[in-house]
Amino acid sequence: MTGHAPRTRWTLRRRIVAVLILLLAAFAGTMGVASTLALRGSLVGQLDTRLVSASERAAHAPTRADFPGAVGSDAQPTEPTPSASAARPFSLRGPGQDVGTLNLDVTDGVVNAGYLDDNGDFQRLTDAQATTLAATPADGVPRTVAIDGLGSYRVIGATSTAGTLVVTGLPTAAATATVAKYVAVEVGVAVVGLALAGLAGTVLVRRELRPLNRVAATATRVAELPLDRGEVLLAERVPDEDTDPGTEVGQVGAALNQMLGHIEQALAARHESETQVRQFVADASHELRTPLASIRGYAELVRRLPEPVPDTAVHAMARVESETKRMTGLVEDMLLLARLDAGRDLDRVEVDLSSLAIDAVADAHAAGPDHLWRLELDGQGSDGDESDQPDDDGPSSGAGSAPTLALGDEARLRQVLANLLTNARIHTPPGTTVVVSVRATDDVVTFRVQDDGPGIPEPLRSRLFQRFTRGDASRNRAAGSSTGLGLAIVHAVVTAHGGTIEVDGTPGQTSFTVSLPAA
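Residue numbers for the sequence shown follow my numbering, so the first one is 6 and each next one is one higher.
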């Protein structure tokens, strides 16, 4: 299935200006067409008035059968035959005739037709031109006729006092030229006017939408604030001049300010609630440490009494001691998270992560001998140079590693490594290979814990670092099982050090990559 390319949407400013120009263009076009038609109608009306006057003069002009140069014809009047040698009609001989005026009269089948050229000289019409004019009905109604070689004419046919057909015509070229010039001027003025209107509209719309830009800038600054956790100081507001309820933009600005006020109150309430919860967890964890230590001590004391103790009591005390240790670890983890959430300062010293990795892998090998543990330190050779099987003394590793120093709290970073290796040991089957690698650059020190176990289920990846997230969804926990706080502590400690942690949980491979600022 082929995806469609996203459409390019114009900004509101461009759309407003475009609509303005289109409306003005439509208005100018409508006015132009209407005014052009009105002008043409007026010019044609004036031409028709002159034409009627000329036709009346021609119809009442005297006629002479012996017109000089006239050639007779025996053709029937119903089918007049034009004569190429006909003399000038009498109606064209008088003064005051317009240039281009033509006249045709048919007397006894003889056609006399001609027109006045630009110099006022008489020019005879050709037979074809005369035939076109002779077809004009004598109804006294002006009409437009196209005459070959002469162009467009307004002609009118009438019956003379002698009962003959008289056709008079005036050229429309002058009226057409006037209309063409008017249209050209009109188009030029419209183009210039639309350009000026577009420029003025752009400036005006930009000025009027400037408050909307400020409102959008305020919303953008708020969107960039970290609102997900901690105390949030939401001081951003739309300026007062952009909250005028009398304008649409002002209404948006006022509504945004009101919304920001509600959000600020909600964030303050959330922060207060989180603070109370953290304080409660910290206080409860701190207060539980003493009674848990007492319970554990009394359990050990009972098991070590010199008097004979029933086996059931010994077993019960051992279980009490084991669960007390587990609960003590849970309380310590909760107390650590509460302190990290409260922003407690960590120790900042140079810590060699290579040394921490060596100790952590050694401890993991002792706790999980059925796993294959490998250590790759910066400056060592490739994986192929190392053995996959651990030696009797511990995991495989290289020698002569370069120092990989990070600035941080050694105890907390040691706990990060321990938690990641414990997580790999608990959630992978025996025989799984776990590789711990440490690399250093000028600015960053990176260590990675990678295994070839079953991977992380897809539903768990999005909430992997949330508290009390466990790979086993059951509420019944076996002794020594995960509390669901290990990775949450890892994430909190790494974040407190200004570092990042990334996870890749594809099937058949899981890796956690921690990057910390170099010392």
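Positions of the beta carbon are idealized from the N, C-alpha and C atoms, including for glycine.
Check your understanding: So, is Val-439 buried or exposed, given that buried needs 16 or more other C-beta atoms within 10 angstroms?
Key -> Translated into the one-based positions of the sequence shown, residue 439 becomes position 434. So Val-439 counts as buried.
Exercise for review: Kindly indicate which three-state DSSP category Asn-108 falls into: helix, strand or coil?
Suggested key: Residue 108 sits at position 103 when you count from the first residue of the sequence shown. Strand at Asn-108.
Check your understanding: Sorted by chain position, which residues of the same chain lie with C-beta nearer than 8 Å to Thr-511's C-beta, five sequence neighbours on each side aside?
Key -> Here residue 511 corresponds to residue number 506 of the sequence shown, with the count starting at 1. So the list reads Gly-460, once near-sequence residues are dropped.
Exercise for review: Specify the secondary structure class of Ser-467 as computed by DSSP and reduced to three states.
Suggested key: Looking up residue 467 in the sequence shown gives position 462. Ser-467: coil per DSSP, three-state reduction.
Review point. Between Gly-154, Ala-445, Ile-363, Leu-130, which lies nearest to Ala-523 when the distance is taken from Cα to Cα?
Key: In the sequence shown, counting from the first residue as 1, residue 523 sits at position 518. Of the listed residues, the one whose Cα sits closest to Ala-523 is Ala-445.
Review point. So is Pro-176 buried or exposed if we call it buried at 16+ other beta carbons inside 10 Å?
Key: Here residue 176 is taken as the residue at index 171 of the sequence shown, counted from 1. Pro-176 is buried by the Cβ-count criterion.
Practice item. Compute the distance between the beta-carbons of Val-450 and Leu-410, then report whether it is under 8 Å. Key: Numbered from 1 along the sequence shown, position 445 holds the residue referred to as residue 450. Numbered from 1 along the sequence shown, position 405 holds the residue referred to as residue 410. Yes.
Review point. Between Ala-362, Glu-279, Gly-266, Val-282, which lies nearest to Ala-420 when the distance is taken from Cα to Cα?
Key: Locating residue 420 in the sequence shown gives position 415, counting from the first residue. The amino acid occupying residue 420 in the given sequence is Gln; Ala does not appear at that position. Here the closest residue by C-alpha is Ala-362.
Review point. Which of helix, strand or coil does DSSP assign to Leu-418?
Key: Along the sequence shown, one-based indexing puts residue 418 at 413. Reduced to three states, the DSSP call for Leu-418 is helix.
Review point. Nearest to Leu-469 by CA position, among Ala-222, Asp-509, Gly-255, Asn-124, is which residue?
Key: Along the sequence shown, one-based indexing puts residue 469 at 464. Per the Cα distances, Asp-509.
Check your understanding: Between the region 208 to 228 and the region 17 to 24, do three or more beta carbon pairs fall short of 8 Å?
Key -> yes
Practice item. Could you tell me the distance, in whole angstroms, from the CA atom of Gly-145 to the CA atom of Val-190? Key: Position 140 of the sequence shown holds residue 145. Position 185 of the sequence shown holds residue 190. Roughly 36 Å separates the two Cα atoms.
Review point. Which of helix, strand or coil does DSSP assign to Thr-2?
Key: Residue 2 lies beyond the residue range present for the chain, which begins at 6 and ends at 524; the question has no answer from this structure.
Review point. On the premise that Gly-162 lies in contact with Val-172, defined as a C-beta separation below 8 Å, what is that separation, rounded to the nearest angstrom?
Key: On the sequence shown, residue 172 is found 167 positions in, with the first residue counted as 1. On the sequence shown, residue 162 is found 157 positions in, with the first residue counted as 1. So it is a contact: roughly 5 Å between Cβ atoms.
Review point. Quick one: is Phe-32 buried, meaning 16 or more other Cβ sit within 10 Å of its Cβ, or exposed?
Key: As a first step, residue 32 must be located in the sequence shown, where it is residue number 27. Phe-32 should be labelled exposed.
Point to revise | Three-way DSSP call (helix, strand, coil) for Arg-353 in this model | key: Sequence index remark: in the sequence shown, residue 353 carries index 348 (1-based). DSSP places Arg-353 in coil when its eight states are reduced to three.
Practice item. Compare the C-alpha of Ala-23 against each of Val-197, Ala-63, Gly-206 and name the closest. Key: Walking along the sequence shown from the start, residue 23 turns up at place 18. Ala-23 has its Cα closest to that of Gly-206, out of Val-197, Ala-63, Gly-206.
Check your understanding: Taking the continuous alpha helix (DSSP H) assigned at Ser-165, which residues delimit it?
Key -> Reading the sequence shown from its first residue, position 160 is the one you call residue 165. Taken as a continuous stretch (DSSP letters only), Ser-165 belongs to no alpha helix (DSSP H), as it is neither H nor E.
Review point. DSSP state of Ala-310, grouped into three classes?
Key: For this step, residue 310 is matched to residue 305 along the sequence shown. Position check: residue 310 holds Leu in this sequence, whereas Ala was assumed. Note: Leu-310 maps to coil in three-state DSSP.
**Study point:** Candidates Thr-515, Thr-280, Met-332, Ala-289: closest to Leu-297 by CA position
**Key:** Translated into the one-based positions of the sequence shown, residue 297 becomes position 292. Ranking the options by Cα distance to Leu-297, first place goes to Met-332.
Review point. Just how far apart, CA to CA, sit Asp-110 and Lys-186?
Key: In the sequence shown, residue 110 corresponds to position 105, counting from 1. In the sequence shown, residue 186 corresponds to position 181, counting from 1. Cα-Cα distance, rounded: 35 Å.
**Study point:** Under the three-state DSSP convention, the category Leu-425 falls into
**Key:** For the purposes of this step, residue 425 is identified with residue 420 of the sequence shown, where counting begins at 1. Helix.
Exercise for review: Whole angstroms is fine: what's the gap from Gln-256's alpha carbon to Ala-222's?
Suggested key: Locating residue 256 in the sequence shown gives position 251, where the first residue counts as 1. Locating residue 222 in the sequence shown gives position 217, where the first residue counts as 1. Taking the straight line from one Cα to the other gives about 16 Å.
Review point. Which term fits Gln-134, buried or exposed, when burial requires 16 or more other beta carbons within 10 angstroms of its beta carbon?
Key: By 1-based counting over the sequence shown, the position of residue 134 is 129. By the 10 Å Cβ count, Gln-134 comes out buried.
**Study point:** Close Cβ partners of Thr-141 (< 6 Å) along its chain, the five nearest in sequence each way excluded
**Key:** Position 136 of the sequence shown holds residue 141. Correct list, in chain order: Val-160, Gly-162, Val-172.
**Study point:** Alpha carbon of Thr-261 to alpha carbon of Ala-224, nearest angstrom
**Key:** Within the sequence shown, numbered from 1, the residue matching residue 261 stands at position 256. Within the sequence shown, numbered from 1, the residue matching residue 224 stands at position 219. It is worth fixing the name first, because residue 261 is Leu in this sequence and not Thr. Spanning the two alpha carbons is a distance of roughly 8 Å.
Practice item. Find out if the Cβ-Cβ distance for the pair Val-116, Ala-139 is shorter than 8 Å. Key: Here residue 116 corresponds to residue number 111 of the sequence shown, with the count starting at 1. Here residue 139 corresponds to residue number 134 of the sequence shown, with the count starting at 1. Result yes, Cβ atoms of Val-116 and Ala-139 sit closer than 8 Å.
Point to revise | Rounded straight-line distance, which links the Cα of Asp-153 to that of Ala-92 | key: One-based indexing of the sequence shown puts residue 92 at position 87. One-based indexing of the sequence shown puts residue 153 at position 148. Because the pLDDT of Ala-92 is 49, which lies under 50, any placement of that residue in the model is unreliable, and the number read from its coordinates should be weighed accordingly. Spanning the two alpha carbons is a distance of roughly 21 Å.
Review point. In its own chain, which residues sit with a C-beta less than 6 Å from the C-beta of Tyr-158, not counting the 5 before and 5 after it?
Key: Position 153 of the sequence shown holds residue 158. Excluding positions up to five away in sequence, the list reads Val-150, Ile-152, Gly-174, Pro-176.
Practice item. Report back the beta-carbon spacing between Val-286 and Ala-323 to the nearest angstrom; my notes put them in contact at under 8 Å. Key: Locating residue 286 in the sequence shown gives position 281, counting from the first residue. Locating residue 323 in the sequence shown gives position 318, counting from the first residue. Wrong, their Cβ atoms sit about 29 Å apart, outside the cutoff.
Review point. Quick one: what's got a C-beta closer than 6 Å to Asp-346's C-beta in the same chain, skipping five residues either side?
Key: Translated into positions along the sequence shown, residue 346 becomes position 341. The answer, listed in chain order, is Arg-283.
Practice item. Determine the direct distance from the alpha carbon of Met-264 to that of Ile-26, and round the result to whole angstroms. Key: What you label residue 26 is simply residue 21 of the sequence shown in a count that begins at 1. What you label residue 264 is simply residue 259 of the sequence shown in a count that begins at 1. Going by the C-alpha atoms only, they are around 37 Å apart.
Review point. For Leu-130, which of Leu-107, Phe-473, Asp-123 has the nearest alpha-carbon?
Key: The residue labelled residue 130 in the question sits at position 125 within the sequence shown. If we check each option's Cα against that of Leu-130, Leu-107 comes out closest.
Practice item. Return yes when the Cβ of Leu-29 is within less than 8 Å of the Cβ of Met-202, no when it is not. Key: Counting from 1 along the sequence shown, the entry for residue 202 is found at position 197. Counting from 1 along the sequence shown, the entry for residue 29 is found at position 24. According to the sequence displayed, residue 202 carries Ala and not Met. Their beta carbons are under 8 Å apart, which means Ala-202 touches Leu-29 by this criterion.
**Study point:** Where Pro-147 falls, given that 16 or more other Cβ within 10 Å makes a residue buried
**Key:** Here residue 147 refers to the residue found at position 142 when the sequence shown is read from its first residue. When all chains shown are included, Pro-147 counts as buried.
**Study point:** Assigned secondary structure, Gly-119 (DSSP; H/G/I helix, E/B strand, else coil)
**Key:** Along the sequence shown, read from residue 1 onward, the residue named residue 119 stands at position 114. Strand.
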